[in-house]
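Visitor:
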Amino acid sequence: MSQNALVLIGRILIAVIFIVSGFGKITNIGGTAGYFGSMGLPLPVVTAWIVALLELVGGLAIVVGFQTRIAALLLALFSVASGLIAHFDFTDQMQSIMFMKNISMAGGLLVLAAFGPGALSLERAKA
Numbered sequence: 001m002s003q004n005a006l007v008l009i010g011r012i013l014i015a016v017i018f019i020v021s022g023f024g025k026i027t028n029i030g031g032t033a034g035y036f037g038s039m040g041l042p043l044p045v046v047t048a049w050i051v052a053l054l055e056l057v058g059g060l061a062i063v064v065g066f067q068t069r070i071a072a073l074l075l076a077l078f079s080v081a082s083g084l085i086a087h088f089d090f091t092d093q094m095q096s097i098m099f100m101k102n103i104s105m106a107g108g109l110l111v112l113a114a115f116g117p118g119a120l121s122l123e124r125a126k127a
């Protein structure tokens with residue numbers, strides 16, 4: 001399999017969690033805002049919309065390879081922040097696993113931000 005195909009598959013695999021999660025938040029924005037409010041996040045409805053759109057639009061941008069470096073960097077920062085805010089309880093094994101998942105995703109996203117989307121992307125198609 002070519003390097004370009006592997007990068008495309010990697011982009012799809014790393015983005016799917018954000019697309020599904022963002023879509024889920026948008027289709028239940030009230031529940032998302034309620035959860036965010038229960039965690040003490042400021043302006044929970046606004047925060048819910050920002051997070052939902054970041055996940056959905058950022059994930060889609062990575063899949064198609066549009067503004068990939070920016071989307072990957074924003075999602076990497078989001079992954080670290082959400083890990084620290086929502087999953088930083090190492091006394092709970094599930095939260096510990098979720099924290100490590102977020103940090104691992106951030107690592108992959110930073111690699112994507114550094115090296116770009118590869119040849120099979122909208123960015124490269126324009127060039």
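Residues 1 to 127, numbered by full-length UniProt numbering, are exactly what the sequence shown covers, in order. Built from N, CA and C at the ideal position, the CB exists for glycine as well. Model, not experiment: these values are computed from the prediction.
(1) Inspect the CB distances between the segment 52-64 and the segment 5-18 and report whether three or more fall short of 8 Å.
(2) Mapping DSSP to helix, strand and coil, what is Thr91?
(3) Flag this pair as touching only if the segment 57-77 and the segment 101-117 have three or more C-beta atom pairs under 8 Å; answer yes or no.
(4) Quick one, are the C-beta atoms of Ala61 and Pro44 less than 8 Å apart?
(5) So, is Ile50 buried or exposed, given that buried needs 16 or more other C-beta atoms within 10 angstroms?
(6) Can you tell me which of the three DSSP states Gly108 falls into?
(7) Report back the beta-carbon spacing between Arg124 and Gly65 to the nearest angstrom; my notes put them in contact at under 8 Å.
Guide: Quick answer:
(1) yes
(2) coil
(3) yes
(4) no
(5) exposed
(6) helix
(7) 7 Å
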